[in-house]
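The opening residue of the sequence shown carries number 53 in our numbering; numbering runs sequentially from there.
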Amino acid sequence: MGIPTSTWLTLTVKAAHFHRDSGSHRTGMVALSNRSMHYVAVVRGKLKKGKATTTNLIAVGDDVWITPTSPTQAIIERIEERHSKLSRRSPGRTPREQIIAVNVDYGIIVMAAHAPDFNKNRLDRYIAACSMGNVRPIICINKIDLVDEGYVRAEMALYERIGYSVIYTSAKTGQGLPELCAVLKESVSALVGSSGVGKSSLINAVQPDLGLKTNALRENFWKGQHTTTTAELLTLDMGGMVVDTPGMREFALWHHEDGNAREDVAASFPDIEEAQSRCKFRNCSHTHEPGCEVKRLVEEGAIEHARYKNYVKLTR
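Here it is, written out as structure tokens:
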């Protein structure tokens with residue numbers, strides 16, 4: 053007999069930490085919280101079947117059904133359908149999907165305004181990952197007080213022109229924080245980006261006491277865990293929730309086996325896809341075919357050469 057559904061509770065995953073085991077998969081636990089209830093939960097074995105292509109079955113933001121086994125422990129019985137997902141290809145030789153966060157409205161891509169963190173190739177990958185997962189990308193250029201703001205705005209003009217929202221922020225001076233709060237309020241957002249770009253500083257600037265809450269959660273649930281994946285869902289006093297993610301040194305796109313790389317990233321390059329409609333060949337790869345409108349615009353300078361090269365790389 054199965055477990056009576058009357059004993060199940062529905063909660064949202066607040067934190068998910070996974071560590072490498074001796075085999076090909078990763079193991080781990082998740083922290084669950086709903087009002088005054090807090091659990092550390094493990095996944096029911098039957099849910100893991102057929103999931104070898106992902107490193108983590110459960111992700112921050114998941115709505116799950118659980119059976120409590122003690123006042124602080126539980127088993128996850130069912131995972132509700134997700135309306136959005138932000139993921140990447142996990143580092144390592146074996147290709148697997150690493151899910152960063154689910155059920156988020158916005159993916160706030162944080163880049164530092166100075167080199168080497170100001171990297172438009174990496175930015176394009178984050179935008180593509182958001183678009184592929186039904187997450188709306190918002191670009192956040194942080195530490196704007198450390199550079200020539202005019203130069204950075206000129207570099208980002210293309211992204212604003214093709215429809216992306218760009219926020220220029222400084223956790224130190226407070227610049228851009230009202231605009232950032234307007235996005236965070238009454239929504240679920242995930243801040244993503246490389247280490248050192250200032251994601252945590254921005255969150256603490258929005259609500260200073262969150263740093264204490266974050267440390268407390270990690271102390272209570274994950275003391276002694278050697279984790280390689282850490283993400284945490286935090287509730288804001290002004291309304292809304294934000295996922296604090298770890299800095300990622302690598303960010304490669306994850307394409308499903310039945311997916312098409314070009315179709316996956318098309319929405320992230322609307323300028324190139326618009327020109328594609330005027331190419332001589334319908335399936336033009338924009339690399340060697342005669343009559344390629346995209347290459348013509350690149351040669352004329354209407355499409356940035358670096359952006360074109362990144363598009364070709366991502367669609368192969």
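Even glycine gets a Cβ: it sits at the ideal position worked out from N, Cα and C.
Given the structure is predicted, the values throughout are model-derived calculations rather than measurements.
Item, Value
"My assumption, with CB atoms under 8 Å, is that I110 sits in contact with Y91. Please give the rounded CB distance.", "Actually they do not touch by this definition, with Cβ atoms about 13 Å apart."
"Helix or strand or just coil, what does DSSP make of Q227?", "coil"
"Using the three-state DSSP reduction, which class does T297 fall into: helix, strand or coil?", "coil"
"Could you check if L198 is buried or exposed, using at least 16 other CB atoms within 10 Å of its CB as the buried criterion?", "exposed"
"Rounding to the nearest angstrom, what Cα-Cα distance links E284 and S183 in this structure?", "22 Å"
"Can you tell me where the beta strand (DSSP E) holding L254 begins and where it ends?", "No beta strand (DSSP E) holds L254; the alpha helix (DSSP H) holding it covers K251 to V258."
"Check whether the segment 219 to 231 and the segment 127 to 142 are in contact - that is, three or more C-beta pairs closer than 8 Å.", "no"
"Name the residue from M208, R205, L305 and L254 whose alpha carbon lies nearest to the alpha carbon of G423.", "Nothing can be reported for residue 423, as the shown portion of the chain is limited to 53 through 368."
"Between the alpha carbons of N155 and G343, how many angstroms are there, rounded?", "42 Å"
"Indicate the three-state DSSP secondary structure (helix, strand or coil) for L288 in the structure shown.", "coil"
"Tell me, please, whether the segment 287 to 296 touches the segment 329 to 347 by the rule of three or more beta-carbon pairs shorter than 8 Å.", "no"
"Take every Cβ of the segment 293 to 306, pair it with every Cβ of the segment 225 to 241, and state whether three or more of those distances are shorter than 8 Å.", "yes"
"Starting from T119, trace the beta strand (DSSP E) in both directions and tell me its first and last residue.", "D115 to P120"
"By how many angstroms is the C-alpha of F170 removed from the C-alpha of D29?", "The first residue shown for the chain is 53 and the last is 368, placing residue 29 beyond what the model contains."
"Could you check the C-alpha separation between G245 and A223 for me, to the nearest Å?", "16 Å"
"Hey, is the segment 158 to 167 in contact with the segment 175 to 194, meaning 3+ C-beta pairs nearer than 8 Å?", "yes"
"Counting along the chain, where does the alpha helix (DSSP H) carrying L305 start and finish?", "L305 -> no alpha helix (DSSP H), and no H or E assigned at all."
"Look at the alpha carbon of Q125 and the alpha carbon of K66, and state the distance between them as a whole number of angstroms.", "14 Å"
"So I355 and V346 are supposed to be a Cβ contact under 8 Å. How far apart are they, rounded?", "7 Å"
"Let me make sure I understand the geometry here. Which of V112, T105, R96 and R141 has the alpha-carbon closest to that of P120?", "R96"
"I need the straight-line Cα distance from E212 to L305, nearest angstrom please.", "23 Å"
"Which whole-angstrom value is the C-beta distance of D157 and E132, which I expect to be below 8 Å?", "Not quite, the Cβ-Cβ distance comes to about 16 Å (not below 8 Å), so this is no contact."
"From H357 to K100, what does the alpha carbon distance come to, in whole angstroms?", "44 Å"
"What does I373 pair with, by DSSP beta-bridge criteria?", "Only positions 53 to 368 of the chain appear in the structure, and residue 373 is not among them; the question remains open."
"On the CB-based measure, 16 or more other CB atoms within 10 Å of its CB, does T367 come out buried or exposed?", "buried"
"Measure the beta-carbon distance from T64 to G113 and round it to whole angstroms, keeping in mind my assumption that it falls under 8 Å.", "7 Å"
"Counting only the same chain and skipping the five closest in sequence on each side, list residues whose C-beta sits under 6 Å from that of N362.", "N173 and D176"
"Whole angstroms is fine: what's the gap from S320's alpha carbon to A180's?", "5 Å"
"In the DSSP output, what is R188 paired with across the bridge?", "Y158"
"Report the three-state DSSP secondary structure of R134 (helix, strand or coil).", "coil"
"With 16 other CB atoms within 10 Å as the buried threshold, where does H338 fall?", "buried"
"Quick one: using the 10 Å Cβ neighbour count with 16 as the cut-off for buried, is K251 buried or exposed?", "buried"
"What's the gap between the Cα of R359 and the Cα of L262?", "37 Å"
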